[in-house]
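Residue 1 is where the sequence shown starts when you use the UniProt record's numbering, and the numbers rise one by one after that.
These notes concern the structure reproduced below.
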Amino acid sequence: MIQITLPDGSLREYDQPLSVHEVAASIGPDLASAAVAGRVNGVLVDCEYIIEADARVNIVTPREPDGLEILRRSCALMLAMAVKQLHPHAQMRAGKELGDGFFYEFTVERPLTPADLPLIEARMQSLAATNHSIRRRPHREEMSLYRLGDTEYQSHGPHVPTTKVLQAFALDHISGTLQQRIYGTCWSSHQELQQWSVPPHVVVVSMDDRQATYAQAVTDSLRQRGVLAKADLRNEKVRYKIRQHSQTVPYLVVVGEKEQAGGFVSVRSRTGEDFGRMAVEAACEWLSQPGILGG
(Lines of atoms letter the chains of each structure in order from A; the text may use other names.)
(Lines give C-alpha, C1' and ligand atoms only; values in the text may rest on other atoms or scores of the structure.)
Protein backbone atom coordinates (compact mmCIF):
# COMPACT_ATOMS: atom_id res chain seq x y z
CA MET A 1 0.00 0.00 0.00
CA ILE A 2 1.36 3.42 -1.01
CA GLN A 3 0.17 6.57 0.73
CA ILE A 4 0.27 9.83 -1.23
CA THR A 5 -0.04 13.10 0.67
CA LEU A 6 -1.46 15.93 -1.45
CA PRO A 7 -0.75 19.66 -0.94
CA ASP A 8 -4.01 20.17 0.99
CA GLY A 9 -2.93 17.50 3.48
CA SER A 10 -5.36 14.86 2.25
CA LEU A 11 -4.21 11.25 1.88
CA ARG A 12 -4.78 8.85 -0.99
CA GLU A 13 -3.89 5.16 -0.90
CA TYR A 14 -2.88 3.03 -3.88
CA ASP A 15 -2.35 -0.72 -4.11
CA GLN A 16 0.77 -0.56 -6.30
CA PRO A 17 3.41 1.82 -7.66
CA LEU A 18 2.04 4.41 -10.06
CA SER A 19 3.18 7.35 -12.14
CA VAL A 20 2.73 11.04 -11.37
CA HIS A 21 0.29 11.21 -14.27
CA GLU A 22 -1.75 8.36 -12.81
CA VAL A 23 -1.94 10.22 -9.51
CA ALA A 24 -3.23 13.28 -11.38
CA ALA A 25 -5.76 11.15 -13.28
CA SER A 26 -7.04 9.66 -10.03
CA ILE A 27 -7.74 13.19 -8.77
CA GLY A 28 -9.54 14.32 -11.92
CA PRO A 29 -9.36 14.32 -15.74
CA ASP A 30 -8.87 18.09 -15.97
CA LEU A 31 -5.82 17.95 -13.70
CA ALA A 32 -4.39 15.00 -15.64
CA SER A 33 -4.79 16.95 -18.90
CA ALA A 34 -3.10 20.05 -17.46
CA ALA A 35 -0.24 18.23 -15.70
CA VAL A 36 3.23 18.95 -17.09
CA ALA A 37 5.29 17.49 -14.22
CA GLY A 38 5.15 16.50 -10.58
CA ARG A 39 6.88 17.46 -7.37
CA VAL A 40 7.62 14.33 -5.35
CA ASN A 41 8.95 15.02 -1.86
CA GLY A 42 9.94 18.46 -3.14
CA VAL A 43 11.79 17.25 -6.24
CA LEU A 44 10.55 18.10 -9.74
CA VAL A 45 10.05 14.99 -11.89
CA ASP A 46 8.47 14.03 -15.21
CA CYS A 47 4.85 12.90 -15.38
CA GLU A 48 6.00 9.36 -16.18
CA TYR A 49 8.04 9.14 -12.94
CA ILE A 50 7.00 6.07 -10.94
CA ILE A 51 6.22 6.55 -7.24
CA GLU A 52 7.12 3.36 -5.37
CA ALA A 53 6.82 4.44 -1.72
CA ASP A 54 4.90 6.84 0.51
CA ALA A 55 5.46 10.40 -0.70
CA ARG A 56 4.26 13.97 -0.72
CA VAL A 57 3.08 14.76 -4.25
CA ASN A 58 2.11 17.98 -5.96
CA ILE A 59 0.91 18.04 -9.58
CA VAL A 60 2.61 20.83 -11.53
CA THR A 61 0.63 22.75 -14.17
CA PRO A 62 1.60 25.68 -16.43
CA ARG A 63 -0.21 28.06 -14.08
CA GLU A 64 2.76 28.09 -11.71
CA PRO A 65 6.30 29.35 -12.42
CA ASP A 66 7.90 25.88 -12.45
CA GLY A 67 5.29 24.65 -14.90
CA LEU A 68 5.77 27.63 -17.20
CA GLU A 69 9.53 27.06 -17.16
CA ILE A 70 8.95 23.44 -18.17
CA LEU A 71 6.74 24.56 -21.08
CA ARG A 72 9.52 26.80 -22.33
CA ARG A 73 12.19 24.12 -21.95
CA SER A 74 10.07 21.69 -23.95
CA CYS A 75 9.34 24.33 -26.57
CA ALA A 76 13.11 24.52 -27.15
CA LEU A 77 13.11 20.80 -27.96
CA MET A 78 10.18 21.24 -30.33
CA LEU A 79 12.08 24.09 -32.03
CA ALA A 80 15.06 21.76 -32.51
CA MET A 81 12.80 19.12 -34.05
CA ALA A 82 11.26 21.66 -36.44
CA VAL A 83 14.66 22.98 -37.56
CA LYS A 84 15.95 19.43 -38.09
CA GLN A 85 12.95 18.51 -40.22
CA LEU A 86 13.22 21.62 -42.39
CA HIS A 87 17.03 21.64 -42.51
CA PRO A 88 18.25 18.03 -42.20
CA HIS A 89 21.93 18.99 -42.35
CA ALA A 90 21.71 21.33 -39.36
CA GLN A 91 23.69 20.12 -36.35
CA MET A 92 21.79 20.53 -33.09
CA ARG A 93 23.88 21.88 -30.22
CA ALA A 94 21.89 22.91 -27.14
CA GLY A 95 18.85 24.81 -26.01
CA LYS A 96 16.96 25.71 -22.88
CA GLU A 97 14.41 28.01 -21.29
CA LEU A 98 15.50 31.64 -21.00
CA GLY A 99 13.52 34.35 -19.21
CA ASP A 100 10.09 34.61 -20.83
CA GLY A 101 11.02 32.12 -23.51
CA PHE A 102 13.61 29.74 -24.87
CA PHE A 103 16.31 29.29 -27.48
CA TYR A 104 18.05 26.55 -29.39
CA GLU A 105 21.54 26.75 -30.83
CA PHE A 106 22.65 24.90 -33.94
CA THR A 107 25.23 24.89 -36.71
CA VAL A 108 24.17 25.18 -40.35
CA GLU A 109 25.84 25.17 -43.75
CA ARG A 110 23.62 27.99 -45.02
CA PRO A 111 22.80 30.68 -42.43
CA LEU A 112 19.11 31.02 -41.73
CA THR A 113 17.51 34.48 -41.83
CA PRO A 114 14.50 36.13 -40.16
CA ALA A 115 12.52 35.14 -43.26
CA ASP A 116 12.90 31.48 -42.18
CA LEU A 117 11.24 32.03 -38.80
CA PRO A 118 7.59 31.93 -39.97
CA LEU A 119 8.22 28.59 -41.70
CA ILE A 120 9.89 27.13 -38.62
CA GLU A 121 7.12 28.44 -36.36
CA ALA A 122 4.49 26.91 -38.64
CA ARG A 123 6.29 23.56 -38.47
CA MET A 124 6.33 23.82 -34.65
CA GLN A 125 2.58 24.44 -34.67
CA SER A 126 2.14 21.33 -36.79
CA LEU A 127 4.29 19.30 -34.38
CA ALA A 128 2.24 20.53 -31.43
CA ALA A 129 -1.00 19.57 -33.19
CA THR A 130 0.39 16.12 -34.02
CA ASN A 131 0.90 15.63 -30.27
CA HIS A 132 4.29 13.94 -30.10
CA SER A 133 5.34 12.37 -26.81
CA ILE A 134 8.49 13.50 -24.99
CA ARG A 135 10.07 10.67 -23.03
CA ARG A 136 13.10 10.55 -20.78
CA ARG A 137 15.67 7.89 -21.67
CA PRO A 138 18.05 6.20 -19.18
CA HIS A 139 21.26 8.21 -19.05
CA ARG A 140 24.04 8.38 -16.46
CA GLU A 141 25.37 11.85 -17.14
CA GLU A 142 24.17 15.06 -15.48
CA MET A 143 22.03 15.96 -18.50
CA SER A 144 19.21 13.55 -19.32
CA LEU A 145 18.32 12.21 -22.75
CA TYR A 146 14.82 12.99 -23.98
CA ARG A 147 13.29 11.42 -27.05
CA LEU A 148 11.05 13.57 -29.24
CA GLY A 149 10.01 12.04 -32.54
CA ASP A 150 12.87 9.91 -33.86
CA THR A 151 15.64 11.98 -32.25
CA GLU A 152 17.15 12.08 -28.77
CA TYR A 153 18.27 15.36 -27.23
CA GLN A 154 20.43 16.04 -24.19
CA SER A 155 18.50 18.30 -21.86
CA HIS A 156 17.80 19.03 -18.24
CA GLY A 157 14.29 17.94 -17.28
CA PRO A 158 11.53 17.71 -16.53
CA HIS A 159 9.70 18.07 -19.85
CA VAL A 160 6.03 18.10 -20.73
CA PRO A 161 4.65 14.62 -21.50
CA THR A 162 3.32 15.57 -24.95
CA THR A 163 3.59 18.50 -27.33
CA LYS A 164 -0.16 19.23 -27.29
CA VAL A 165 0.25 21.58 -24.30
CA LEU A 166 2.70 23.73 -26.30
CA GLN A 167 0.25 26.03 -28.04
CA ALA A 168 0.95 29.65 -27.10
CA PHE A 169 4.42 30.35 -28.50
CA ALA A 170 6.14 32.55 -31.07
CA LEU A 171 9.63 32.88 -32.57
CA ASP A 172 11.05 36.39 -32.52
CA HIS A 173 14.77 36.48 -33.29
CA ILE A 174 17.67 34.68 -34.94
CA SER A 175 21.32 35.51 -34.29
CA GLY A 176 24.72 34.40 -35.54
CA THR A 177 25.88 33.09 -38.90
CA LEU A 178 27.21 29.52 -39.05
CA GLN A 179 26.51 28.92 -35.36
CA GLN A 180 23.06 30.35 -34.81
CA ARG A 181 20.45 30.73 -32.11
CA ILE A 182 16.73 31.01 -32.61
CA TYR A 183 14.84 32.69 -29.77
CA GLY A 184 11.17 32.46 -28.94
CA THR A 185 8.64 33.01 -26.18
CA CYS A 186 6.12 30.58 -24.72
CA TRP A 187 3.14 31.02 -22.40
CA SER A 188 0.38 28.94 -20.88
CA SER A 189 -2.37 30.62 -22.95
CA HIS A 190 -2.80 32.71 -26.08
CA GLN A 191 -4.12 35.53 -23.91
CA GLU A 192 -0.82 35.66 -21.99
CA LEU A 193 1.08 35.57 -25.29
CA GLN A 194 -0.93 38.53 -26.58
CA GLN A 195 -0.32 40.47 -23.37
CA TRP A 196 3.41 39.81 -23.69
CA SER A 197 3.33 41.08 -27.29
CA VAL A 198 2.22 44.57 -26.19
CA PRO A 199 5.17 47.01 -26.63
CA PRO A 200 6.85 47.51 -23.22
CA HIS A 201 7.64 50.76 -21.43
CA VAL A 202 10.92 49.38 -20.07
CA VAL A 203 13.39 46.84 -21.46
CA VAL A 204 16.00 45.29 -19.18
CA VAL A 205 19.13 44.60 -21.22
CA SER A 206 21.77 42.08 -20.12
CA MET A 207 25.42 42.43 -21.12
CA ASP A 208 25.81 38.68 -21.70
CA ASP A 209 24.48 35.28 -20.65
CA ARG A 210 26.00 35.54 -17.16
CA GLN A 211 23.48 38.24 -16.16
CA ALA A 212 20.40 36.49 -17.57
CA THR A 213 18.98 35.37 -14.23
CA TYR A 214 19.63 38.74 -12.59
CA ALA A 215 18.12 40.65 -15.52
CA GLN A 216 14.98 38.52 -15.41
CA ALA A 217 14.68 39.06 -11.66
CA VAL A 218 14.86 42.84 -12.19
CA THR A 219 12.18 42.52 -14.89
CA ASP A 220 9.93 40.56 -12.54
CA SER A 221 10.40 43.23 -9.85
CA LEU A 222 9.32 45.93 -12.31
CA ARG A 223 6.26 43.90 -13.31
CA GLN A 224 5.29 43.49 -9.67
CA ARG A 225 5.23 47.29 -9.50
CA GLY A 226 2.86 47.43 -12.47
CA VAL A 227 5.49 48.43 -15.03
CA LEU A 228 5.14 46.92 -18.52
CA ALA A 229 8.64 45.45 -18.79
CA LYS A 230 10.54 42.87 -20.83
CA ALA A 231 14.03 41.42 -20.58
CA ASP A 232 16.31 41.19 -23.61
CA LEU A 233 18.55 38.24 -22.75
CA ARG A 234 19.74 37.49 -26.27
CA ASN A 235 23.40 36.70 -26.78
CA GLU A 236 23.95 39.85 -28.83
CA LYS A 237 26.29 42.80 -28.35
CA VAL A 238 24.80 45.13 -25.76
CA ARG A 239 25.25 48.15 -28.05
CA TYR A 240 23.15 46.40 -30.69
CA LYS A 241 20.38 45.71 -28.21
CA ILE A 242 20.42 49.25 -26.82
CA ARG A 243 20.38 50.76 -30.31
CA GLN A 244 17.48 48.55 -31.34
CA HIS A 245 15.30 49.28 -28.32
CA SER A 246 16.15 52.98 -28.19
CA GLN A 247 13.99 53.47 -31.27
CA THR A 248 10.76 52.50 -29.52
CA VAL A 249 11.15 51.92 -25.75
CA PRO A 250 10.93 54.89 -23.33
CA TYR A 251 13.44 53.52 -20.79
CA LEU A 252 16.27 51.03 -20.84
CA VAL A 253 17.64 49.31 -17.73
CA VAL A 254 21.11 47.90 -18.34
CA VAL A 255 22.71 45.20 -16.19
CA GLY A 256 26.24 43.94 -16.49
CA GLU A 257 28.77 42.22 -14.26
CA LYS A 258 29.26 45.25 -12.00
CA GLU A 259 25.53 45.88 -11.66
CA GLN A 260 24.88 42.27 -10.76
CA ALA A 261 27.67 42.20 -8.18
CA GLY A 262 26.46 45.42 -6.57
CA GLY A 263 22.73 44.73 -6.70
CA PHE A 264 21.93 47.77 -8.82
CA VAL A 265 21.05 48.77 -12.40
CA SER A 266 21.92 51.52 -14.88
CA VAL A 267 18.99 53.50 -16.25
CA ARG A 268 18.77 55.57 -19.42
CA SER A 269 15.96 57.05 -21.49
CA ARG A 270 15.15 56.62 -25.16
CA THR A 271 16.41 60.15 -25.79
CA GLY A 272 19.84 59.25 -24.42
CA GLU A 273 19.52 60.78 -20.95
CA ASP A 274 21.64 58.78 -18.48
CA PHE A 275 20.17 58.51 -14.98
CA GLY A 276 23.17 56.59 -13.63
CA ARG A 277 23.17 53.61 -11.33
CA MET A 278 20.32 52.90 -8.93
CA ALA A 279 19.54 50.17 -6.46
CA VAL A 280 17.01 47.78 -7.96
CA GLU A 281 14.27 48.72 -5.51
CA ALA A 282 14.86 52.44 -6.10
CA ALA A 283 14.76 52.00 -9.88
CA CYS A 284 11.53 50.01 -9.67
CA GLU A 285 9.94 52.61 -7.40
CA TRP A 286 11.00 55.51 -9.64
CA LEU A 287 9.88 53.89 -12.90
CA SER A 288 6.51 52.97 -11.40
CA GLN A 289 5.66 56.54 -10.38
CA PRO A 290 2.69 58.11 -12.19
CA GLY A 291 3.82 60.25 -15.10
CA ILE A 292 7.33 58.82 -15.47
CA LEU A 293 6.57 56.41 -18.29
CA GLY A 294 3.92 58.63 -19.78
CA GLY A 295 6.27 61.58 -19.94
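Even glycine gets a Cβ: it sits at the ideal position worked out from N, Cα and C.
For clarity, every value in this text was computed on a predicted model and none was experimentally measured.
(1) What's the C-alpha gap between P118 and A37?
(2) Could you check what DSSP says for A229 in three-state terms: helix, strand or coil?
(3) What ranges does the beta strand (DSSP E) occupy inside the region 8-85, keeping only unbroken runs of at least 3 residues that lie completely in it?
(4) What first and last residue would you give for the alpha helix (DSSP H) that runs through T130?
(5) For Y251, write down the residues that DSSP places opposite it in a beta bridge.
(6) Between which two residues does the beta strand (DSSP E) carrying S288 extend?
(7) Would you grab the beta carbon distance between V249 and V202 for me? Rounded to a whole angstrom, and I think it's under 8 Å.
(8) Which same chain residues, not among the five before or five after D54, have their C-beta less than 7 Å away from its C-beta?
(9) Quick one: is the Cβ of M78 within less than 7 Å of any heavy atom of the ligand COA?
(10) Run the CB neighbour count on V23, radius 10 Å, all protein chains shown included, and call it buried at 16 or more, exposed below.
(11) Does the region 41-59 come close enough to the region 154-173 to have 3 or more Cβ pairs within less than 8 Å?
(12) Are the beta-carbon atoms of R123 and L71 separated by less than 8 Å?
(13) What first and last residue would you give for the beta strand (DSSP E) that runs through L145?
(14) Considering only their Cβ atoms, is the gap separating S19 from E48 smaller than 8 Å?
(15) The alpha helix (DSSP H) that contains K241, what's its start and end?
(16) Taking only runs that begin and end inside the region 165-197, name each unbroken alpha helix (DSSP H) of 4 or more residues, in chain order.
(17) What residue does the beta strand (DSSP E) around S155 start on, and which one ends it?
(18) To the nearest angstrom, how far is it from the Cα of G272 to the Cα of S266?
(19) Which of the three DSSP states, helix, strand or coil, is assigned to R210?
Working from what's here:
(1) 30 Å
(2) strand
(3) 11-14, 37-40, 43-45, 55-60
(4) 117-130
(5) V202, S269
(6) Segment: none, S288 is in no beta strand (DSSP E) and carries neither H nor E.
(7) 7 Å
(8) I2, Q3
(9) As for the ligand COA, it is missing from this structure, which has no ligand bound.
(10) buried
(11) yes
(12) no
(13) 144-148
(14) yes
(15) 238-245
(16) 190-197
(17) 151-155
(18) 12 Å
(19) helix
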